[in-house]
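Data block below; observations after.
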Amino acid sequence: MKLTLLYFKAETLGLLRIPMVVVFTLLFPVLFFALFGLPAGGETEIATIEMASFTIYAVLGIAVNQFGVNIAEDRSTSWEKFLHTLPVSPVPRFSARILTALVFAGVAGGLVVICALMFSKARIDSGIVCPFLLYTLLGSIPFCLLGISIGYWFSPKAALPVGNILYFLLAFAGGLWIPPQALPPFIANISPYLPTREYGEIIWNTVLGGTQHIVPWLWLCFYTLLFGGLAVWGYRRDEGQRYR
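Residue numbers (full-length UniProt numbering): 1 to 244.
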């Protein structure tokens, strides 16, 4: 745990030393919501669902895109080469990266929620705030691992387009931009099996005060194991190619 916290501190401070990256990372999701989410919001229920969807979108962007690209760029640095010489497993580093992503994702998602509550008809009961925050952060873990996988499997030049493509495809097919029932038939057939759709079902039910179901959580657990395995595999593959 101590090693994880040390890595977490180093990762977070490293990002905070680049103000423009921090500002863009945190403000882009709320700007995107202001341009596309606010005009689409209608009555309270629809506006609340829009708020939840764009909160997920903000978290997804940071977890998959921003941190995936950062990892790909970090792999060629002297610091990364030094870390690979240490006799430790990748688990503390993965955990630290996930914690860092959760912090930034929480702030970005929080800005979207504040914007929605101030300028739309979206509403969230006080008793739902804590579950909403908890489920949003827990549900983002498989996407953090997906971002780590992208960072270790692709070069810096390839990680950005791959991350962007996955980011937009998962958001669209998961029903974050348009209601799932309005998706094209082909996409609607595969949407229920995507991690973004399962994530969405959890958060939508939460903000509307609905009953939580176990199936979406089981799917997210499956994707956590899948993306976690890909991340470790990619890390070991990169380690073998560069340091052996």
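C-beta: ideal position from N, C-alpha, C; glycine also. Note that the structure is a prediction, hence the values are computed from the model and not measured.
The alpha helix (DSSP H) enclosing Lys9, as first and last residue numbers: Lys2 to Leu16
Test item: CB-CB of Gly127 and Thr55 under 7 angstroms: no
Cβ-based burial, Val91 [other Cβ within 10 Å; buried from 16]: exposed
CA-to-CA distance, Phe32 to Glu201, given in whole angstroms: 22 angstroms
Cβ-Cβ distance between residue 245 and Ile62 below 7 angstroms: With the chain represented from 1 up to 244, any question about residue 245 goes unanswered, as that position is not in the structure.
Where Ser78 sits in the DSSP three-state scheme: helix
Proximity winner among Ile214, Leu16 and Val162, relative to Val64 (alpha-carbon distances): Val162
Straight-line gap, Gly175 to Gly151 (C-alpha atoms, nearest Å): 26 angstroms
Beta-carbon gap between Val59 and Ala105 smaller than 7 angstroms: yes
At least three beta-carbon pairs within less than 8 angstroms, the segment 72–87 to the segment 143–160: yes
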